[in-house]
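Now the structure itself:
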């Protein structure tokens, strides 16, 4: 397959590559390259002509909560721990009922499918049937996702507390085996909610499952100051919040692929451990602002060599669109520079785009760039719907898509070489 | 006329009034009240039934730049003064050409007309024909606006510099007289761009025109730190930046109605002068973030009794929607509380809604509330397009409109009792 159009992707953190009227060549879902003319050997490939349209890599959402989609935009006047008690936990408890889960997950999956996201890491709830239902719906979309049945056995309402670590282990094991059997593009991922809701015994059992099935891990880390204080009380002997995960082998290192959401307040030894263990940070700037958590030092993380992707963090963040996360990341970094550290230059829009595509994508595989050997995740976008009087360069058109598309204007979406959405 | 629906408005800064299935009664464009049943004496009034739809006051944009709409979303990686030189001034110089102005202003006016804004204060450029053309287009919409032909005679590119204060006076006077004669809902407003671009002589002449025609005044104040330093050098003898306007009688007080945009860094004597002179602040949180200007201390201003409305500040802010400005105001206030002053509680969503309706509206007249004696500016919104699984209170529906409508889903818009937009 060859896709023709105005092509744009991040070669590196700093460098945006653009080709007007270029040809993106793809063989068996693997990109062969971007060319200004079709090379001889690909002449026989079928051509999809999107001349004048923008072609960019699919966006990667490294952190979101599917069961929170239905109440997004509510309770935004609260901070993290109050918001969890007042809105999140009561809502998540409804997913005990499969009928409710069916209705609510349908809304989430529909929005994710038609939006700009091609791959995502997703928290479900602790309920096995509802989580399998969500995975089934996701599998049907053609998107590539990892979904976590959430583990929690303390410090949460009774209705959301697993009755024991052993019970959690048994149900999580059954869920993993079932989902590995049933789904191809929708993988299970080990998901302790966060240290405060997981006993040591539960963490040990999750490690056991992680190793046994070679699964990735996702959780939350150092999101708000009151949460960090709480973890200090719960795990007084660990050096940092990150070490509270690491002591159980659930914080990257070796073959354990890990994403930690937020890391707003990570520094010093914690930051070093994140780097040493090759942990990905899911930066969720909108959520960090809306829940008054703070601003994560993304420039510093990047300079240290830590891998950072973006997350929508529905419903801490009100918007599922990763375009919004890109502009929020730039905005947050500007306030970080202005108000916290004048030696920390703001992210450019291109850098934030890189986080949302190439850097976030690398968690999954070779995805997020239009380079030889990469899997084809692509969006075809009609930016003519955002009117202007001026002729624009591709880079400027990308900026306008980021600020104004809000996941609209997507003509076609390809994931791993397959068309999974078309607006026609 | 009687409008039936789910009614919602700010009674005060803290109190949101909601009436499910209420009747908003209006006689000769003036509101008579909101009732749960139609009172006997209004029984003969024609009823518009919007049952199940949300009815809220029109939104007020206290600060925006019409000629910057066409390049919105570009150059957001810069700070104020660089951004002015690189993007804004070159773009504004194009409005010398009436054909360009015609095309570009058509885009702006179309977006403003179909969006949630009912009244606005607008900067044009220094060009008289283009400014009159903008006003003619606005007059046709039925919106109520004040438009400023921008005055500047120093520190700007030649093509945008009026050749002398006298020349600026003559052309501004002619523009005022022409627009007062031609337009009813579109009023001229005295508009020095800001102190750096206006000589003392020009300011004196603008004061003369302000008095002669009893006009309101709009300008910029204390937006960024480098701008403030610059003003200090230009006006070394004035106490504060605000005093640099006040010495010419162009900063409120007496009968001079004034809006100053930004006031990010206003404090002490400047803040006192703003309060004493009854100056309105146009808070433009998105612009202040995108141009890395800082965060205005809105909680402190409100506690002091200063009147604050919201502004989109296109194109410093990328979005024309005042719904966006409401959520940005809340976000900015959260970061102010988290990062600058823990004694300054964040704005609630309801407070920011109050700024965008009742408080901003009071600059124009009795507008922005659904109370007896107020002019009817109203939006009828179909929020069923934002799906959820949960039954919601009116207050929660308002929150979701603020976060997700982005100026869409507006069924009807009324300004001063007249329908000016219908999506049908």
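Chains as they are written, first to last, in my numbering: chain A, 1 to 424; chain B, 1001 to 1424. Every residue gets a Cβ at the ideal spot worked out from N, C-alpha and C, and that includes glycine.
Buried versus exposed, by CB contacts within 10 Å (16 or more), residue i
i	result
residue 1255 of chain B	exposed
residue 965 of chain B	As shown, chain B starts at 1001 and ends at 1424. That puts residue 965 of chain B outside it, with no answer to give.
residue 137 of chain A	buried
residue 324 of chain A	buried
residue 390 of chain A	exposed
residue 1268 of chain B	exposed
residue 134 of chain A	buried
residue 1303 of chain B	exposed
residue 236 of chain A	exposed
residue 52 of chain A	exposed
residue 1020 of chain B	exposed
residue 309 of chain A	buried
residue 1180 of chain B	exposed
residue 212 of chain A	exposed
residue 1305 of chain B	exposed
Residue i at chain B interface by Cβ criterion, 8 angstroms
i	result
residue 424 of chain A	no
residue 124 of chain A	no
residue 103 of chain A	yes
residue 410 of chain A	no
residue 296 of chain A	no
residue 51 of chain A	no
residue 71 of chain A	yes
residue 144 of chain A	no
residue 83 of chain A	no
Reduced DSSP secondary structure (H/G/I, E/B, other) of residue i
i	result
residue 1100 of chain B	helix
residue 1108 of chain B	helix
residue 1146 of chain B	strand
residue 247 of chain A	coil
residue 374 of chain A	coil
residue 32 of chain A	strand
residue 359 of chain A	helix
residue 298 of chain A	helix
residue 1353 of chain B	helix
residue 1012 of chain B	coil
residue 127 of chain A	coil
residue 1321 of chain B	coil
residue 117 of chain A	strand
residue 1410 of chain B	strand
residue 37 of chain A	coil
residue 422 of chain A	strand
residue 348 of chain A	coil
residue 1257 of chain B	coil
residue 1151 of chain B	strand
Cutoff 7 angstroms; reference residue i; Cβ partners in own chain excluding five residues on either side
i	result
residue 1152 of chain B	1126, 1160, 1161, 1162, 1193, 1197, 1198
residue 173 of chain A	209
Same chain, Cβ closer than 6 angstroms to residue i, neighbours up to 5 away in sequence not counted
i	result
residue 1351 of chain B	1013
residue 67 of chain A	92, 95, 125
residue 363 of chain A	280
residue 240 of chain A	269, 270
residue 157 of chain A	89
residue 287 of chain A	313, 316, 317
residue 1471 of chain B	Only positions 1001 to 1424 of chain B appear in the structure, and residue 1471 of chain B is not among them; the question remains open.
residue 1169 of chain B	1205
Minimum Cβ-Cβ distance from residue i to chain A less than 8 angstroms
i	result
residue 1289 of chain B	yes
residue 1399 of chain B	yes
residue 1236 of chain B	no
residue 1087 of chain B	no
residue 1406 of chain B	yes
residue 1138 of chain B	no
residue 1390 of chain B	yes
residue 1346 of chain B	yes
residue 1310 of chain B	no
Sequence-distant residues of its chain with Cβ nearer than 8 angstroms to residue i (five each side left out)
i	result
residue 327 of chain A	349, 352, 402, 403
Proximity test, residue i beta-carbon vs the ligand ADP heavy atom, cut-off 7 angstroms
i	result
residue 1117 of chain B	The ligand content of the structure shown is nil, which means the ligand ADP is not present either.
Which runs of the alpha helix (DSSP H) spanning at least 4 residues fall entirely within the stretch 379-408 of chain A, listed in chain order? Listed in chain order, the complete alpha helix (DSSP H) runs (minimum 4 residues) inside the stretch 379-408 of chain A are 394-404.
Tell me the start and end of each unbroken beta strand (DSSP E) in the stretch 1048-1086 of chain B that is at least 3 residues and wholly inside, in chain order. If you keep only unbroken beta strand (DSSP E) runs of at least 3 residues inside the stretch 1048-1086 of chain B, you get 1059-1065.
Beta strand (DSSP E) runs wholly inside the stretch 154-240 of chain A, at least 3 long, in chain order: Fully enclosed beta strand (DSSP E) runs of 3 or longer: 186-188, 217-221.
Only counting runs of 4 or more residues, tell me where the alpha helix (DSSP H) segments fall wholly within the stretch 261-293 of chain A, in order along the chain. For the alpha helix (DSSP H) assignment, the uninterrupted runs of no fewer than 4 residues enclosed by the stretch 261-293 of chain A are, from N- to C-terminal side, 268-276, 285-290.
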